[in-house]
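K.L.:
Going line by line, the protein sequences match chains A and B. The first sequence lines up with residues -17 to 92 when you count with our numbering. The second sequence lines up with residues -17 to 92 when you count with our numbering. Positions of the beta carbon are idealized from the N, C-alpha and C atoms, including for glycine.
Protein chains: 2
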Amino acid sequence: MADLKKRATLARYEQRAAVLKAMGHPTRLFIVDQLALGERCVCELQEMIGADLSTVSKHLAQLRNAGLVADEKRGTQVFYRLRVPCIMNFFGCVEAVMRTDAQEKLEALQ
Amino acid sequence: MADLKKRATLARYEQRAAVLKAMGHPTRLFIVDQLALGERCVCELQEMIGADLSTVSKHLAQLRNAGLVADEKRGTQVFYRLRVPCIMNFFGCVEAVMRTDAQEKLEALQ
DNA sequence: GAAAAACTTGGCGATATGGTCAAATAAGAA
DNA sequence: TTCTTATTTGACCATATCGCCAAGTTTTTC
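(1) From Arg(-11)/A to Glu(-4)/A, what does the alpha carbon distance come to, in whole angstroms?
(2) Spatial neighbours of Gln28/A within its chain, please: CB distance less than 6 Å, with the 5 preceding and 5 following residues excluded, ordered by chain position.
(3) What is the DSSP secondary structure of Val38/A, reduced to helix, strand or coil?
(4) Quick one, which residues of the region -3 to 13 of chain B are near chain A if we go by CB-CB under 9 Å, in chain order?
(5) Residue range of the alpha helix (DSSP H) that Val66/B falls in?
(6) Whose C-beta lies closer than 7 Å to the C-beta of Arg63/A among residues of the same chain, with five residues either side of it excluded?
(7) Looking at Leu2/B: is its Cβ nearer than 8 Å to the Cβ of Met5/A?
(8) Along chain B, which residues have their Cβ under 8 Å away from the Cβ of Leu(-8)/A?
(9) Do Ala0/B and Ala33/B have their C-beta atoms closer together than 8 Å?
(10) Closest to Leu11/A by CA distance: which of Lys40/A, Cys23/A, Leu45/A, Val60/A is it?
(11) Taking Cβ positions only, does Phe61/B come closer than 8 Å to chain A?
(12) In the DSSP assignment, what residue or residues form a beta bridge with Ala52/B?
(13) Starting from the Cα of Pro67/B, find the closest Cα among Gly57/B, Glu26/B, Arg(-2)/B, Val14/B and give me that residue.
(14) Considering only the alpha carbon of each residue, which of Arg(-2)/A, Thr(-9)/A, Ala(-7)/A lies closest to Ile69/A?
(15) Starting from the C-beta of Leu119/B, find all residues in its chain whose C-beta is less than 8 Å away, skip the five residues before and the five after it, and write them out in chain order.
(16) Could you check if Arg65/A is buried or exposed, using at least 16 other CB atoms within 10 Å of its CB as the buried criterion?
(17) Since Arg22/A sits in a beta bridge, which residues does DSSP pair it with?
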């Protein structure tokens, strides 16, 4: 019983970690940022990113597997959208991490 | 000039992604979660996690490099603390991702 | 000074990731 | 049907990550 609870907790950390990991790449983060503004097709994203189309497609697949985005085919194009817009609210905090970091490094120099 | 701005933007994505990546591992996420409750020494974390001490130490080093935690040596022990407590606010959103995911999978079955 | 406790670091093997090219698929246009 | 556009998938290589063991460091205790 306690074991079952422990396993459930572990599973929760794994799922949460998977979501964070999916966003833990500059290109994928850029994609999430763009999708926060509205849906985009793969080719639009590719043009903005400048990488190979297959590379972009694979990044999108990772975001999809993590449950962050949904895709919809219309004609020959596939449009992606953010499934949970609140994602971007996080970055105020991430920025805070970076500011604190910069500040402490400065203080260390003095 | 436009190039400079583009590079600055890229750097921002890279830094943000590094923070997310650091949290994108079950063990490290567990550590962040624990540190949100208060500082812990490495040996306390090791006991909770059950992995090798060196493994825990390396996870902590990754969190430190990302700017998420700070360490302080007191006697023979090293205590770690969260530098930005707001980190944990994010998880309401992460949970939302997971709920939406489960819901859509259910709907797909019907 | 020797021994113990608490960490960190280096090295190693297994496995995962990122990116590119080439091939496969799907839908619309000619 | 054939061609073109949009996208995904597979193969492959280079590199990064994870976890353990062994060895090194620092501080405290005896």
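P.N.:
Reading it off the structure:
(1) Mapped onto the first sequence, residue -11/A falls at position 7. Mapped onto the first sequence, residue -4/A falls at position 14. So the two alpha carbons sit approximately 10 Å from each other.
(2) Translated into the one-based positions of the first sequence, residue 28/A becomes position 46. Excluding five sequence positions before and after Gln28/A, the CB atoms of its chain that fall closer than 6 Å to its own CB belong to Leu35, Val38, given in chain order.
(3) In the first sequence, residue 38/A corresponds to position 56, counting from 1. DSSP places Val38/A in helix when its eight states are reduced to three.
(4) Listed by position along the chain: Gln(-3), Arg(-2), Ala(-1), Ala0, Val1, Leu2, Lys3, Ala4, Met5, Gly6, His7, Pro8, Thr9, Arg10, Leu11, Phe12.
(5) The residue labelled residue 66/B in the question sits at position 84 within the second sequence. No alpha helix (DSSP H) contains Val66/B, which DSSP labels as neither H nor E.
(6) Locating residue 63/A in the first sequence gives position 81, counting from the first residue. In the same chain as Arg63/A, and ignoring 5 residues on each side of it, the C-beta atoms closer than 7 Å to its own belong to Leu17, Glu21, Val51, Ala52, in chain order.
(7) Residue mapping note: residue 2/B aligns to position 20 of the second sequence, counting from 1. Residue mapping note: residue 5/A aligns to position 23 of the first sequence, counting from 1. In this structure, Met5/A lies closer than 8 Å to Leu2/B by Cβ.
(8) Position 10 of the first sequence holds residue -8/A. Residues of chain B passing the Cβ test: Pro8.
(9) By 1-based counting over the second sequence, the position of residue 0/B is 18. By 1-based counting over the second sequence, the position of residue 33/B is 51. Not closer than 8 Å, so no.
(10) Position 29 of the first sequence, counted from the start, is the residue given in the question as residue 11/A. Leu11/A has its Cα closest to that of Leu45/A, out of Lys40/A, Cys23/A, Leu45/A, Val60/A.
(11) Here residue 61/B refers to the residue found at position 79 of the second sequence. With 8 Å as the cut-off, Phe61/B does not count as an interface residue toward chain A.
(12) The residue labelled residue 52/B in the question sits at position 70 within the second sequence. The secondary-structure analysis by DSSP pairs Ala52/B across a beta bridge with Arg63/B.
(13) Against the second sequence, residue 67/B aligns to sequence position 85. Looking at the Cα atoms, Val14/B is the closest of the given residues.
(14) Here residue 69/A refers to the residue found at position 87 of the first sequence. Residue Arg(-2)/A is the option with its Cα nearest to Ile69/A.
(15) There is no way to answer for residue 119/B, as the model of chain B reaches only from -17 to 92.
(16) Position 83 of the first sequence, counting from 1, holds the residue named residue 65/A. Around the C-beta of Arg65/A, 16 or more other C-beta atoms lie within 10 Å, and the residue is accordingly described as buried.
(17) As a first step, residue 22/A is located in the first sequence; it is residue number 40 there, counting from the start. In the DSSP assignment, Arg22/A is bridged to Tyr62/A.
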